[in-house]
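Residue numbers (UniProt numbering): 1 to 477. Comments concern the structure below.
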């Protein structure tokens, strides 16, 4: 997508005279003002004031030329120095409030490239090439906490999705074990703040896609005990209990009209456990249902604003209003297609999404969910995780207050996380009602447990089919 070049890009780099620094720009400004003061006012009715034919006017022409020359390079220089000031302020803020990013797919890259073999020399995270993320980039970007995605594709649904998910959780935990000086695996908001104090990257597990629990509340609980702290209800496919965003494009058919009865049980069990509900990738009906049902705030771990870019992966205005009402959070995605709805985008357009969400849902509803290492196209200026200070500088340039910036960086997510923890209740009895067997694809699964009381779990259509089969068998005897 053709992005528009900024004025500074069209103008090219500014040539700064030797010895000039942001600290002495003010003296140059004074020089310009004094030089300009020596230039006589031009009188269009008096040719002698501008023709340069008298000795006096010849003497005056030199300071006027000097002032014109000074003005030619001064104002671009002032713009550069001001930009440096915004970035310096961004770094200052991020040193005490580093960014919490909602979604990074580095674990998926480790699977694809190295089959999760972290001791392969090529997989060394201090020198890893060809990815948006490595340890030096994380440090340069002041990333203080990261929800690492334990992702497994939709084609694993009804097959080996649970196994694949466990392997991705394992590789995240091994990252912490192999690089303890950089990563600290944590499971709560207090752990994030501890990592901040230790100067490490708090590392949390976000499971991307409800198919990873294989329609089982027991698997949901097991993943929680292994460290999962958010679950994206769907990826780009329906589960038997929740609809995904492709329903809104017409590419998939709605199965649950948002959340089925079992889907509601999943949401309630997540609330009970203290697992953050993530609505990235879900249909609008699923967004609405979860926001209305959940007792705790939810997040969109990597989604942007639909009114800025009309892509169905983004969040529409009426849902942003629900986000505001529930104290929830939208962590803006950097994927070009969701930023500009084109193949190209730039940093300023990402800031437009942040501005818009702040305007509609409030400053407390804004966060960052870059989707690094999970997308193929990123905006110019945000090519990897080291670029976060440049985005923060842009927000400061747009007159975001320091309080608003700190909220977007970390405090909004911490507030949501603490609210989820407070809403949890491990003394409450866990959900036990299984999903009806008839809602599951049976080709690759057994039905232990269901066979003991089939009438309790089979859908009417399935039960009727079973009865017809039984009657036909009796007739043949």
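Heads up, the beta-carbon is just placed ideally off N, CA and C, and yes, glycines get one too.
- Residue state for residue 400 is assigned as coil, using DSSP reduced to three classes.
- When the five nearest sequence neighbours on each side are left out, the beta carbons in the same chain lying within less than 7 Å of the beta carbon of residue 382 are those of 334, 347, 350 and 391, in order along the chain.
- Per DSSP, residue 94 has no beta bridge partner at all.
- A Cβ-Cβ separation of about 6 Å places residue 286 in contact with residue 233 under the 8 Å criterion.
- Of 411, 136 and 192, the smallest CA-CA separation from residue 147 is found for 192.
- Setting aside the 5 residues that flank it on each side, residue 321 is surrounded in the same chain by 360 and 361, each with a C-beta closer than 8 Å to its C-beta; the list follows chain order.
- Taking the CA atoms as reference points, residue 194 sits about 45 Å from residue 250.
- Residue 211 sits in a helix when the DSSP states are folded into three classes.
- Just measuring C-alpha positions, the residue of 309, 310, 307 and 314 sitting nearest residue 299 is 314.
- Using a C-beta cut-off of 8 Å, the segment 270–277 makes contact with the segment 211–225, since at least three inter-stretch Cβ pairs fall below that distance.
- Taken in chain order, the complete alpha helix (DSSP H) segments of 4 residues or longer contained in the segment 97–135 are 106–114.
- Closest in alpha carbon position to residue 431, among 111, 266, 134 and 103, is 266.
- C-alpha of residue 145 to C-alpha of residue 186: approximately 9 Å in a straight line.
- Residue state for residue 341 is assigned as coil, using DSSP reduced to three classes.
- Residue 385 and residue 141 have their alpha carbons spaced roughly 6 Å apart.
- With 16 or more neighbouring CB atoms inside 10 Å of its own CB, residue 176 falls in the buried class.
- Judged by DSSP secondary structure, residue 326 falls within the alpha helix (DSSP H) whose first and last residues are 317–326.
- Residue 239 is bridged by DSSP to 242.
- Of the residues assessed, residue 243 falls on the buried side of the cut-off, its CB having 16 or more other CB atoms within 10 angstroms.
- Out of 262, 85, 373 and 165, the CA that lies nearest to the CA of residue 438 is found in 262.
- Residue state for residue 380 is assigned as strand, using DSSP reduced to three classes.
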